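Heads up, the thing below is written out as structure tokens.
Number of protein chains: 2
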Amino acid sequence: MIRTALFASAAIAALASVPASADEGMWTLDAFPAERMRADYGWAPDQAWLDKVRGGAVRLTGGCSASFVSPQGLILTNHHCIATCLADNSSEAKDYLNDGFVSSRREDELKCPGQQAEVVTAITDVTSRIKGAMGSLTGEALTKARDAEIAAIEKAGCTDLKTTRCQVVTLFGGGQYKLYTYRKYSDVRLAWAPEDRAATFGGDPDNFNFPRYSMDASFLRAYEDGKPVASPQFLKWNPRPPVKGEATFVVGNPGSTSRLWTGSQLAFEREVRLPVTLATLSELRGRVIRAMQESPTKEREGLDTLNGIENSLKVFIGRTKALNDPAFTGKLSAAEADLRAKSAGNAAIGDPWTTVDGAMSAYRSLYLPLRFTQPSSDLLGYAQTLVFAAQEREKDNSERLPGYTDSRLPLLEKQILDERPIHPWLDKLTLEWSLSKAREYLGADDPDTKLLLGKASPEGLTESLVNGTKLADPAVRKALWDGGMKAIKASEDPMIVYALRLADRQRELRKLTDAQYSGPLAIAGSQLSDARFAAYGDTLYPDATFTLRISYGKVAGWTERGNEVPYETTMGGTFDRATGNAPYDAAGGFVAAKAKIDPNATYNFVTTNDIIGGNSGSPVIDRAGTVIGAAFDGNIHSLGGNYGYDGTLNRTVVVSTDAVQEALEKIYPAPALVKELSGKK
Amino acid sequence: MIRTALFASAAIAALASVPASADEGMWTLDAFPAERMRADYGWAPDQAWLDKVRGGAVRLTGGCSASFVSPQGLILTNHHCIATCLADNSSEAKDYLNDGFVSSRREDELKCPGQQAEVVTAITDVTSRIKGAMGSLTGEALTKARDAEIAAIEKAGCTDLKTTRCQVVTLFGGGQYKLYTYRKYSDVRLAWAPEDRAATFGGDPDNFNFPRYSMDASFLRAYEDGKPVASPQFLKWNPRPPVKGEATFVVGNPGSTSRLWTGSQLAFEREVRLPVTLATLSELRGRVIRAMQESPTKEREGLDTLNGIENSLKVFIGRTKALNDPAFTGKLSAAEADLRAKSAGNAAIGDPWTTVDGAMSAYRSLYLPLRFTQPSSDLLGYAQTLVFAAQEREKDNSERLPGYTDSRLPLLEKQILDERPIHPWLDKLTLEWSLSKAREYLGADDPDTKLLLGKASPEGLTESLVNGTKLADPAVRKALWDGGMKAIKASEDPMIVYALRLADRQRELRKLTDAQYSGPLAIAGSQLSDARFAAYGDTLYPDATFTLRISYGKVAGWTERGNEVPYETTMGGTFDRATGNAPYDAAGGFVAAKAKIDPNATYNFVTTNDIIGGNSGSPVIDRAGTVIGAAFDGNIHSLGGNYGYDGTLNRTVVVSTDAVQEALEKIYPAPALVKELSGKK
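Residue numbers (the working numbering), protein chains in the order written: chain A, 163 to 843; chain B, 163 to 843.
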């Protein structure tokens, strides 16, 4: 599943991008390489086409992409993008995640906690303002000046915080800064979802593989004031099979890429971050797998978390493989050497590589404390956000940490206050795990370990914190949010007390990181961006930043060790692959509807589009601008796509509209949606 | 804990060794570098001293080292070396692992299943015979000829299989072959062990660290015909504190090192084996941790397994760190470059590096199938051994696989037939885990996955195999062992049927490995050994092979980031470090005896001796030849010791006889042992 990786460190900023090869590129919609595409495909979209597509493209704050597919706020995305919503709405009485959700009445559609849908309405270049504010500052002074200017721009850009959101985005690692303005919809509800097994047929073993047989699709609906919103700029639903070789566009929000990290950034990744991540996340996986076997309730409550862990782990294992493949890393080194050679003697560029080396050297010392002084727990996460928000809101907007400025607070508040279930056993499991890993990696005698644990054991501390806190109750969180520092200081809730105990050290580490790592990288990133534009002109796309991009490509299989992998699978193939045993047990709805399902309908297909985690749910659009599928995965080769794209092997995996239409009509019937999608009144 | 790493692949033969730096070296007792030591220490042992020590040194087939410390068969080793014996003897009624074991009467001493004690009685050079048999053969023909000659030498060397064992050992990766003859004692019983928490105080967080406060000591006794054996060649027990700077010798059986692997072997390790191992073993760790929380019984039954997993994982994490440290690997590359330069133009040596590169390239394709077609389960392990033993015993001794020749069968039979408890939940856990990892790493559509699983799920197959088998019953195993192929073929036991289903493929992979990997490495290993002796003369020691070695060094702390780490801890320090919470909760016996314990008695201490997993339990001997401690661990720096020794940082961690004497007298009183150790009648 192309969802954003858990625990992927947002602190590592992508630096810059490389000259793109055929079909490579996650392009911003204001810089589509039309000439380049026309040269390869004999056709390319014009600005009107691009503008229309932009108006229908949706970002989901849960970390996915989507699109409006009707004028009544209906949104197409992946099943795995709304699995958490299904889990949050489930109970002993009704297991929506297992059973799926079909509603014949809009008033029954299910609210999705924490979820918000956003559509880009304007993109404004603010590079000169930001760079002007940074001036010749360095270190923490630089990051403070930059962040204050960003806060001011965002605040001024969006005065109506109820329906708009403003976000300044760093592109090319600091080469460009752009203000993205969004129309936002903070009430998002679930309209249709298949059974979990229909979406996850093949489970973890088939994830990031192809051939696939996955109904990884679902429909949401945006609401406002309790009513479905009008969405006149929707994309037309086109339930047809793909044609081999036809051009396809993926329009969505790739989360992050690291396509032109310098050598020392890649070395840090390979030598430090990935090994720690593989070991610790694998242990968490084992703990959750075993815990889920303890009862049917835990199996239900843990499933969404386990899926997320296994998906992330597969991503990290794929990255480890890529960075341990000398042929792959050789290409990355060659690209760096080429840029260095082309930049030699250009005094304006200087030597950003040495700056990055220094930043990474500092980051190696900061990394473990940074990582392990933020234990994993939803309840502690609430506490930490409440504490930081209260502390930051006492400051002027220009003085706050970036996550707590006026423009950021509305979504934060929504995420804190939305009601969603907390499973204490699961929260204990993750907290106990992360505290024990902190002690293991920092060492029992480390001051940070002592700060985290005192004389307690990870197990004992976890018991007292999770059993003692009341933060699972949204009303308690609201009181603390509204009450600000006074309420926080007066609180005897053990999670709040614990979050306060950690806060000073977390701030100290943040300051050190700004001074020694983020500050230098902002300067080097800008220089590297200049170097790249000087060397390669405007054939460049910025590294992914979970903002709207378009990639072009075509429907095509690939050659795997001499064997052709066909570009599509069929609905009938599900039954051939089914063994009757999980995760290869056909979903009940499929079995029941077998006689009715068209066995030859295209189920999943692959394209050469260049995507990455965050693109999940992106509409796959044909030349006519109609939707023929939803991207939900990459093949196994695409996992190295974080660092570089290989058009001969990397593939996007799509669930076809043809298959979704079959499901809507015959497997999980939703006649109202079928009618709505058809455009008939 | 310096115990041999779980899942460490014995298939990767160490190739050769480097010229030793100060205190470096795991020397064979027939090639002690007396001159070198004398130059540094002003004294060195003579052959009589070495012979005496050899007579008292014991190898434990469980993977540890030890020593006779009385003339009545009393053996000193580590607690962690006999923890499995304690666990195997425990039940709901009596938890020996938790409580420890003290017996006032020899007849109550506890039998240790599968354990055998061995003392070297002769070492004979058989290099010319083996190399003669290999002649100019290559590939599988070479390994067959070599293994047949080894089988013949071992069979002829030991006619009395009840009390002797013969083993041909490959040294210098194929440069030398030596026949080791052992006096063996196959009835080993436990005489004394402290509480688990006394031995494991600080648990996994403190493992491979120092300062330490660990009573990682225990006593076994060798029996024959139901009576303690006479062991006139014992080492004298000397309960005294170590003196800073004094010379120390560690005499034991280091398991394996890889000190001069070529670059392509190290690359395979870093790029393939370690990442797979970190991820899979961490997941197993998580599963076991969580399962142990399900009940006190599971906590007891799983503890020894968890300790083993965590210890191995720490070793692998340490190796990952070492191989990801450019300064460290730079030294290894420089050593290789030096040897290549010194060997250039020597036609007799040829180009073994290219041969190794080819072998490693082949091994990369074979590694995952080899690893994952041998699922982890004690019960399946019994079945696989029974199947292979029956098949192999139908062949002539010279035709058998190395593990099943006449000289190897007695220990194998003992390990199969000894009664020991099997915990079905734990066996299911490991089997389910390893089958699911096989599917993950080989892929769901791989023929080996289909062989392993058919249409079943890992969970379903595991249930039917473990619930259906009767192999937990030693009588059932004995009937199958005695019944040979006829009994195996007639068996309807699902584990036997399953083992038979896997056997052909396992043999096929073995043949491919012999042909493409082991055969070429045997030739290259011999050439590399010749190159090394030509370049560096006889200043070399062979890589570790779990055979008897001696290392010399001294009592010394080290400097850690500018701070001096003292060379010793004291008994009283335990109480300062105790927090009351696991694993820093002082053992009950310590708390009860606190007033009596001498707080200034040396507890643990560190030396510069060069050791590795397998050395656990080795006697630490002073110049007088008396025992002043038992080696039980290395510090964190020693984990890179698999690839290279750094005398400024690598340390051996020892539990002092001074502390053990305190325990024997005051904490877990054993007056009979105190008397026996004192030599008084």
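No residue lacks a Cβ here, since even glycine has one placed at the ideal position from N, Cα and C. A quick note: this is a predicted structure, and the numbers were derived from the prediction, not measured.
Determine, using beta carbons only, whether residue i comes closer than 8 Å to chain B.
i: LEU835/A; result: no
i: GLY520/A; result: no
i: PRO905/A; result: Look at the range of chain A in this structure, 163 to 843, and you will see that residue 905/A is not part of it.
i: THR153/A; result: The question about residue 153/A has no answer, for chain A in this structure spans 163 to 843.
i: VAL271/A; result: The amino acid occupying residue 271/A in the given sequence is Glu; Val does not appear at that position. No, its Cβ sits nowhere closer than 8 Å to a Cβ of chain B.
i: LEU177/A; result: Annotation note: pLDDT 31 at LEU177/A (below 50); position unreliable, no value reported.
Quick one: using the 10 Å Cβ neighbour count with 16 as the cut-off for buried, is residue i buried or exposed?
i: TYR830/A; result: buried
i: ARG435/B; result: buried
i: PRO404/A; result: buried
i: ARG327/A; result: buried
i: SER253/A; result: exposed
i: ALA176/B; result: Summary for ALA176/B: the model assigns pLDDT 31, below 50, so the residue's position carries little reliability, and this model does not support an answer.
i: TRP205/B; result: exposed
i: PRO761/B; result: exposed
i: SER298/A; result: exposed
i: ASN725/A; result: exposed
i: GLY791/A; result: buried
i: PRO781/B; result: buried
Using a Cβ cut-off of 8 Å, pull out every chain A residue sitting near residue i, in sequence order please.
i: ALA441/B; result: LEU440, ALA441, SER444, LEU475, ILE479
At a CB-CB cut-off below 8 Å, which residues of chain B make contact with residue i?
i: PRO367/A; result: ARG601, GLU602, GLY605, ALA606
i: GLY336/A; result: Here the premise fails: no neighbours, minimum Cβ distance about 28 Å.
i: THR223/A; result: Those within 8 Å of THR223/A in chain B number zero; the least Cβ separation is about 30 Å.
i: ASN486/A; result: ARG432, GLU433, VAL434, PRO437
Taking only beta-carbon atoms, is residue i less than 8 Å away from chain A?
i: SER619/B; result: yes
i: GLU456/B; result: yes
i: THR482/B; result: yes
i: MET163/B; result: no
i: GLY622/B; result: yes
i: ILE829/B; result: no
Determine the chain B residues that contact residue i at a beta-carbon separation under 7 Å, and present them in chain order.
i: ILE451/A; result: ARG449
What in chain A is Cβ-close to residue i, meaning under 9 Å?
i: ILE744/B; result: The question names Ile, but residue 744/B is Ala in the sequence shown. Neighbours of ALA744/B on chain A, chain order: SER619, GLU621, GLY622.
For the segment 673 to 683 of chain A against the segment 524 to 536 of chain A, are there 3 or more C-beta pairs whose distance is under 8 Å? yes
Any chance you could list the alpha helix (DSSP H) runs of at least 4 consecutive residues sitting entirely within the segment 473 to 508 of chain A, in chain order? 488 to 505
For the segment 261 to 272 of chain A and the segment 352 to 367 of chain A, state whether three or more C-beta atom pairs, one from each stretch, are separated by less than 8 Å. yes
Does the segment 405 to 419 of chain B come close enough to the segment 708 to 719 of chain B that 3 or more CB-CB pairs lie under 8 Å? Short answer: they touch.
Using 8 Å as the Cβ pair cut-off and three pairs as the minimum, do the segment 680 to 697 of chain B and the segment 556 to 572 of chain B touch? Fewer than three beta-carbon pairs drawn from the segment 680 to 697 of chain B and the segment 556 to 572 of chain B are found closer than 8 Å, and the two stretches are therefore not classed as touching.
Spell out a yes or no on whether the segment 741 to 758 of chain B and the segment 360 to 373 of chain B are touching, meaning 3 or more CB-CB pairs, one atom from each, closer than 8 Å. Yes: the two stretches touch, three or more of their Cβ pairs being nearer than 8 Å.
Three or more C-beta pairs under 8 Å: does that hold for the segment 532 to 547 of chain A against the segment 626 to 642 of chain A? With a cut-off of 8 Å, the segment 626 to 642 of chain A and the segment 532 to 547 of chain A count as touching, because enough Cβ pairs lie within range.
Report the start-end ranges of each beta strand (DSSP E) in the segment 365 to 398 of chain A that is 3 residues or longer and not cut off at the edges. If we require 3 residues or more, the beta strand (DSSP E) runs fully inside the segment 365 to 398 of chain A come out as 380 to 386.
Cβ contact check for the segment 338 to 352 of chain B and the segment 599 to 616 of chain B: 3 or more pairs under 8 Å: no
Report yes or no: do three or more beta-carbon pairs, one from the segment 381 to 390 of chain B and one from the segment 232 to 247 of chain B, lie closer than 8 Å? yes
Between the segment 210 to 220 of chain B and the segment 424 to 432 of chain B, are three or more C-beta pairs nearer than 8 Å? Contact between the segment 210 to 220 of chain B and the segment 424 to 432 of chain B is absent, because fewer than three Cβ pairs lie under 8 Å.
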